[in-house]
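Note that the numbering used here has the sequence shown beginning at 314, numbered continuously upward. Positions of the beta carbon are idealized from the N, C-alpha and C atoms, including for glycine. Computed from a predicted structure; not experimentally measured. Structure first, commentary second.
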Amino acid sequence: MTHLLAIDQGTSGTKAIVVDAAGAVIAVAEVALRPTYLPGGAVEQDPEALWASVVGAGRQAIARAGVPVAAVALANQGETVLAWDRHTGRPLTPAIVWQDRRAESVCAPLADSADAVARRTGLVLDPYFSAPKMAWLRTHLTRDGVVTTSDTWLVHRMCGAYVTDASTASRSLATALDSPRWDAELLDLFGLAGEELPEIVDCDQIVGHTDVFGPTIPVAGLIVDQQAALLAESCLEPGAAKCTYGTGAFLLAQLGPTPALSSSGLTTSVAWRLRDRTFYCADGQVYTAASAVRWAVDLGLVPAAEQLDAVAAASSDGVLCVPALAGLAAPWWDPGATATFTGMTLSSGRGELVRALLEGIAAQVAELADLVATDLGRPLTRLRVDGGLTRSAVLMQAQADLAQIPVDVYPSQHATALGAAACARMALAPALSLADAVGDWTPEHTYEPRWSPDTAADHLRRWRRAAQAALQDKEIHAP
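Given below as structure tokens:
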């Protein structure tokens, strides 16, 4: 039986799984990571820590499985970038994480080009994406080496290949939505003309071989993290949608083989390129989900993330939270937005604040679901969900209540890695269909809406007013 090693290299940690031919997980290993949050919107990671976590988690998973693996697949953070020496593999800068907002200084002067960029790329001109970060890095940190997303560096360390996959490249603002190549005009816009950028490959392509994890095996199955989860959760037909609750929350909806630009503030990007066919997805982002919970833990609002439901009150008692701790993404796209709690009284305690925080995350996702429905021309019928925060029944019930649709919890905490494994499975078996590579699954739990439509609509109206107050429209006066 063919076993695969699949690695999910994320912001908060690296997870490695070994799966069998049927997609069953037989071993798991995780190595925690903690980004460094600095003044001015900076979020960084140590590249060597990223690499050590990939190697360590991969080797541990194989050792625990006790079986040989036929290939290694990699899902990556997407918009995290660094500069490095291509000859030695040595990093020249910290990894600038996708949450980092310093590239706002790159985007602001290009505001007149925002509409043209959106039409060409499907994305919003925002420091979230990788090309502005690359430009900022070149201006402020180093002109040496190459500057790429983190996946390119990790794969190069594994096998010497200099590549990125089509889904990751589509998150850069440096490719046209309908082209699998770097766009010269976009690169010039960001001051990146002349950069030595990696080859863009399909998600089911064997790109090299590595002995980092033991005996030499192919490196195959490269895909960006959120699209990997979309694949694992069988969102194969237009309109199927999932939300991953990780460091941030990310709602993606399958669009099929024809790209369609959003009219409501979402982004459109490549879902995957498999069997020489490109599929697209609509994408909405919440910058802080588990990272907002970690913030609450650090402040002492809740002892640990595992105790969210125990601490959360039965009602927020009128308290609302906009957890914009790293700005607001779709549809506001305001990197300067700040977090707010409103509606507090002397009777408001930790329980009400924690409940409001969870409902604030759910409200943002509900807004994204409404925007997806607008773009699709029809409402979502249900939402598939995955990620660590799906363990919170309070959050999941709030999600069903506010979105007014059933919420199906994916039965594994490893959706992203399983999506990468499906890509590797297709690389090794050219005759295998996409549906067979992904397989079937049954929800671990389904949350049905308990709130009435009127109650949900009223809550969202009040929450939207609070969100408007969080936007960067505040006049700051020097003392």
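Burial state of residue i, where buried means 16 or more other Cβ atoms lie within 10 Å
| i | result |
| --- | --- |
| ARG738 | buried |
| PRO792 | Here the model assigns PRO792 a pLDDT of 32, short of 50, so the residue's position is not dependable, and the following value carries that caveat. Counting Cβ neighbours within 10 Å, PRO792 comes out exposed, since fewer than 16 surround it. |
| VAL332 | buried |
| GLY507 | exposed |
| ASP714 | buried |
| LYS787 | Summary for LYS787: the model assigns pLDDT 48, below 50, so the residue's position carries little reliability; its value from the coordinates is reported in the next sentence. Its Cβ having fewer than 16 others within 10 Å, LYS787 is exposed. |
| GLY435 | buried |
| GLN540 | buried |
| VAL667 | buried |
| LEU612 | exposed |
| THR580 | buried |
| THR327 | buried |
| HIS758 | exposed |
| GLY664 | buried |
| VAL678 | buried |
| HIS453 | exposed |
| LEU351 | exposed |
| GLN781 | exposed |
| TYR760 | buried |
Continuous alpha helix (DSSP H) stretch holding residue i: start and end
| i | result |
| --- | --- |
| ALA750 | 747–751 |
| CYS594 | Where CYS594 is concerned, there is no enclosing alpha helix (DSSP H), although the beta strand (DSSP E) it sits in stretches over 590–599. |
| TRP397 | It is not in any alpha helix (DSSP H) - TRP397 instead sits in the beta strand (DSSP E) that spans 394–397. |
| TRP776 | 766–783 |
| HIS453 | 443–453 |
| HIS469 | 463–472 |
| GLN567 | Note, GLN567: premise wrong, no alpha helix (DSSP H); beta strand (DSSP E) at 562–569. |
| THR434 | 427–434 |
| ALA372 | The residue asked about is misnamed: residue 372 is Arg in this sequence, not Ala. Where ARG372 is concerned, the enclosing alpha helix (DSSP H) stretches over 360–378. |
| GLN712 | 706–716 |
Selected residue, minimal CA-CA separation from residue i, among the options
| i | options | result |
| --- | --- | --- |
| ALA479 | GLN677, LEU784 and ASP589 | ASP589 |
| GLN712 | LEU681, PRO528, THR729 and HIS727 | LEU681 |
| VAL476 | LEU731, VAL514 and PRO445 | VAL514 |
| PHE442 | ASP464, ARG433, GLY504 and THR481 | THR481 |
| ALA626 | GLY640, CYS736 and GLY662 | GLY662 |
| HIS316 | VAL368, GLU357 and ILE375 | ILE375 |
| GLY371 | ASP721, LEU467 and LYS446 | LEU467 |
| ARG432 | ALA642, LEU490, THR729 and ALA716 | LEU490 |
| VAL520 | ALA782, LEU741 and PRO762 | LEU741 |
| VAL356 | GLY402, LYS446 and ILE330 | LYS446 |
| ALA345 | ASP611, SER366 and VAL338 | SER366 |
| ARG778 | TRP608, THR455 and LEU633 | LEU633 |
| PRO648 | GLN412, ARG403 and ALA573 | GLN412 |
| ALA730 | ALA448, ASP699, ASP630 and ARG377 | ASP699 |
| PRO531 | ALA386, VAL380 and LEU689 | ALA386 |
| GLU361 | ASP524, ARG415, GLN322 and VAL341 | GLN322 |
| GLN785 | LEU638, ALA618 and PRO381 | LEU638 |
| PRO407 | THR461, VAL368, VAL382 and GLN373 | THR461 |
| SER547 | PRO422, GLY631, GLY336 and LEU708 | GLY336 |
| LEU405 | TRP754, ALA605, GLN358 and ALA669 | GLN358 |
| GLY353 | GLU343, VAL382 and ARG414 | ARG414 |
| THR755 | VAL720, PRO743 and CYS736 | VAL720 |
| ASP428 | SER575, LEU693, THR768 and GLN598 | SER575 |
Limits of the beta strand (DSSP E) - the one that residue i falls within
| i | result |
| --- | --- |
| GLU278 | For the chain, the structure presents residues 314 to 792; residue 278 sits outside this window and is missing. |
| GLY521 | 519–523 |
| VAL720 | 720–722 |
| SER582 | 580–587 |
| VAL537 | 530–537 |
| THR653 | 653–655 |
| ALA602 | Careful: ALA602 lies outside any beta strand (DSSP E) and carries neither H nor E. |
| CYS634 | 633–635 |
| THR477 | 476–478 |
Sub-8 Å separation of residue i and residue j beta-carbons
| i | j | result |
| --- | --- | --- |
| ASP582 | PRO644 | Position check: residue 582 holds Ser in this sequence, whereas Asp was assumed. The answer is no: Cβ separation not under 8 Å. |
| CYS420 | LEU438 | yes |
| LEU565 | ASP517 | no |
| GLY458 | TRP397 | yes |
| ARG695 | ILE718 | yes |
| TRP776 | ALA676 | yes |
| ASN389 | SER492 | no |
| ALA783 | VAL635 | yes |
| ALA384 | GLY527 | no |
| ALA603 | SER426 | no |
| VAL430 | PRO348 | no |
| LEU689 | LEU621 | no |
| MET471 | THR401 | no |
| GLY379 | ILE536 | no |
| LEU747 | LEU549 | yes |
| TYR558 | GLY701 | yes |
Any non-hydrogen atom of the ligand HEM closer than 7 Å to residue i Cβ
| i | result |
| --- | --- |
| ALA335 | Inclusion of the ligand HEM in the displayed structure is not the case, the ligand content being empty and no account of it being possible. |
* Asked: Are there three or more Cβ pairs, one per stretch, closer than 8 Å when the segment 682–691 is compared with the segment 645–662?
  -> no
* Asked: Does the segment 494–502 come within contact of the segment 543–556, defined as at least 3 CB pairs closer than 8 Å?
  -> no
* Touch check for the segment 567–576 and the segment 765–775: three-plus C-beta pairs under 8 Å? -> no
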